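Each residue of the sequence shown is one higher than the last, beginning at 2 in the numbering used here. Glycine included, C-beta positions come from ideal geometry on N, C-alpha and C. All of these numbers come straight from a predicted model, not from anything done at the bench. Everything below concerns the one structure shown next.
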Amino acid sequence: MPLPPDLPVIDHHCHLSPGGQGVGAARRFRAAGGTHLFLATQNYDGRPPATLDDYRRQFETTEQLSQRVRAETGVTAYVVLAPYPVDLVAGAIALGPDGALQLHCDALDLAGAWVRERRAVALGEVGWPHFPTPPGIAEVADAAFRHALSVAREVDCPVVVHSADLDAEGYRSLAAEADRAGVPRHRVVKHYARARVEPAAACGVVPSYLARRELVKEIGDDPAPWFLETDFLDDPNRPGAVLDLTTVPRRAAALAEAAGSAERLWGPFVESVERVYGWRPVPPGAGET
Ligand SMILES: [Zn+2]
Numbered sequence: 002m003p004l005p006p007d008l009p010v011i012d013h014h015c016h017l018s019p020g021g022q023g024v025g026a027a028r029r030f031r032a033a034g035g036t037h038l039f040l041a042t043q044n045y046d047g048r049p050p051a052t053l054d055d056y057r058r059q060f061e062t063t064e065q066l067s068q069r070v071r072a073e074t075g076v077t078a079y080v081v082l083a084p085y086p087v088d089l090v091a092g093a094i095a096l097g098p099d100g101a102l103q104l105h106c107d108a109l110d111l112a113g114a115w116v117r118e119r120r121a122v123a124l125g126e127v128g129w130p131h132f133p134t135p136p137g138i139a140e141v142a143d144a145a146f147r148h149a150l151s152v153a154r155e156v157d158c159p160v161v162v163h164s165a166d167l168d169a170e171g172y173r174s175l176a177a178e179a180d181r182a183g184v185p186r187h188r189v190v191k192h193y194a195r196a197r198v199e200p201a202a203a204c205g206v207v208p209s210y211l212a213r214r215e216l217v218k219e220i221g222d223d224p225a226p227w228f229l230e231t232d233f234l235d236d237p238n239r240p241g242a243v244l245d246l247t248t249v250p251r252r253a254a255a256l257a258e259a260a261g262s263a264e265r266l267w268g269p270f271v272e273s274v275e276r277v278y279g280w281r282p283v284p285p286g287a288g289e290t
C-alpha cells in the first residue's frame with residue numbers, strides 16, 4: 002500500500018558525516034520513501050572540540066550537510082545542535098571541570114543563537130553520558146543540562162535529551178527538571194527510547210522511539226506526541242552498528258500495510274512535530290525554498 006503523497010515520513014534523529022555516506026545515505030532514505038530528517042550534529046573528526054571555534058566549525062559542517070541533503074536529494078533536513086554531553090568527560094581532563102562546563106555552556110549559547118536565527122530547530126543532544134563516568138562528571142552534566150534548559154526557555158525551542166534508558170521514575174524526574182526550568186514538558190524529547198513508555202508514565206515528556214520492528218508494532222496506536230528515529234551514525238568504521246537510515250520509511254510502510262491505512266502515521270509525522278516544535282512539516286513536494 003503506497004503512503005499518501007502528502008504525508009511527511011520523518012526520521013526524528015540521525016547523524017550524517019562528510020567522511021561517511023553523508024548525502025548518499027539521505028538519497029537512500031528518499032528512495033525508501035523518507036521525506037524529512039532531523040539531523041543532529043556530532044564530532045566529525047573523532048575528538049571532542051577544545052574551543053568554542055571548534056564547536057562553531059562543527060555546527061557549520063552540520064548545516065552544510067543539511068543544505069546539501071536538501072539540494073541534492075530533496076529531503077528536508079532540520080538541524081539540531083548542541084555540544085555532545087559525552088564531550089564533558091574528555092573536557093574535564095583537558096580543561097578541568099569548571100573549564101569544561103564553561104565551554105559547554107558557551108557552545109549551548111551558540112546553539113541557542115542559531116535556533117534564534119532559524120539555522121537550527123532544537124538543542125540536541127543534551128543530557129548525560131550514557132555510561133558510568135569518573136567522579137564529579139555527573140554534577141557537571143547536571144549543571145550543563147540546567148543551562149541547556151535555560152537556553153531552550155529563552156529561545157523557545159525543544160531539547161533532545163541524550164541519557165541512559167529511562168524508567169517511569171526517570172521520565173518523572175526529567176519532567177520535574179523541565180518544570181523547575183520553566184520549559185514546557187512537551188518541549189522535552191527523550192531520544193533513543195528503546196522500550197515503550199505508557200503515555201501517562203512519560204509525564205508529558207515525549208519519547209523518540211528507536212524504530213525497531215517489534216517496538217514500532219507496540220507503539221503504533223499510542224496517541225501523539227511520539228517520534229520514530231534510527232540514530233543512524235554514518236560511521237564507516239561501524240557499519241550496521243545502528244539501524245539503517247531507510248528503516249523509518251520501511252516501518253511506516255509496514256504499519257500502513259498492517260492497518261490497511263496510513264491514518265495513524267499522521268500522529269508521529271505531523272501532529273507530533275506540531276505539538277513539540279510548534280510548526281507543521283512542509284509536505285513533501287510542496288516546493289519549500
Ligand atoms: Zn544521536
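Using a threshold of 8 Å, is the CB atom of residue i nearer than that to any non-hydrogen atom of ligand 1?
i, result
"Gln-43", "yes"
"Glu-126", "yes"
"Tyr-79", "no"
"His-37", "no"
"Asp-232", "yes"
"His-131", "no"
"Tyr-210", "no"
"Tyr-193", "yes"
"His-14", "yes"
"His-163", "yes"
Where does the unbroken beta strand (DSSP E) through residue i begin, and where does it stop?
i, result
"Phe-60", "Unbroken run through Phe-60 is the alpha helix (DSSP H), 53–74; no beta strand (DSSP E)."
"Glu-264", "Run containing Glu-264: none; DSSP gives neither H nor E here."
If you follow the alpha helix (DSSP H) that residue i is part of, which residue opens it and which one closes it?
i, result
"Ser-174", "169–182"
"Val-162", "Premise fails: Val-162 lies in the beta strand (DSSP E), 160–163, not in any alpha helix (DSSP H)."
"Ala-145", "138–156"
"Ser-273", "273–278"
"Leu-104", "88–117"
Taking Cβ positions, are residue i and residue j nearer each other than 9 Å?
i, j, result
"Thr-63", "Leu-82", "yes"
"Val-80", "His-37", "no"
"Gly-34", "Arg-281", "no"
"Ala-139", "Leu-109", "no"
"Glu-199", "Leu-211", "no"
"Val-243", "Leu-234", "yes"
"Leu-66", "Pro-285", "no"
"Ala-26", "Leu-175", "no"
To which residues does DSSP link residue i through a beta bridge?
i, result
"Ile-11", "His-37"
Should the stretch 43–57 be regarded as contacting the stretch 275–286, the criterion being three or more beta carbon pairs within less than 8 Å?
no
Can you find at least 3 beta carbon pairs, one from the stretch 15–32 and one from the stretch 95–102, that sit closer than 8 Å?
no
Assess, as a yes-or-no matter, whether the stretch 233–242 is touched by the stretch 259–272 under the definition of 3 or more beta carbon pairs within less than 8 Å.
no
Give a yes or no on contact between the stretch 186–203 and the stretch 215–223, applying the rule of three or more CB pairs nearer than 8 Å.
yes
Contact the stretch 123–134 vs the stretch 151–160: 3+ CB pairs below 8 Å
yes
Tell me, please, whether the stretch 27–35 touches the stretch 70–77 by the rule of three or more beta-carbon pairs shorter than 8 Å.
yes
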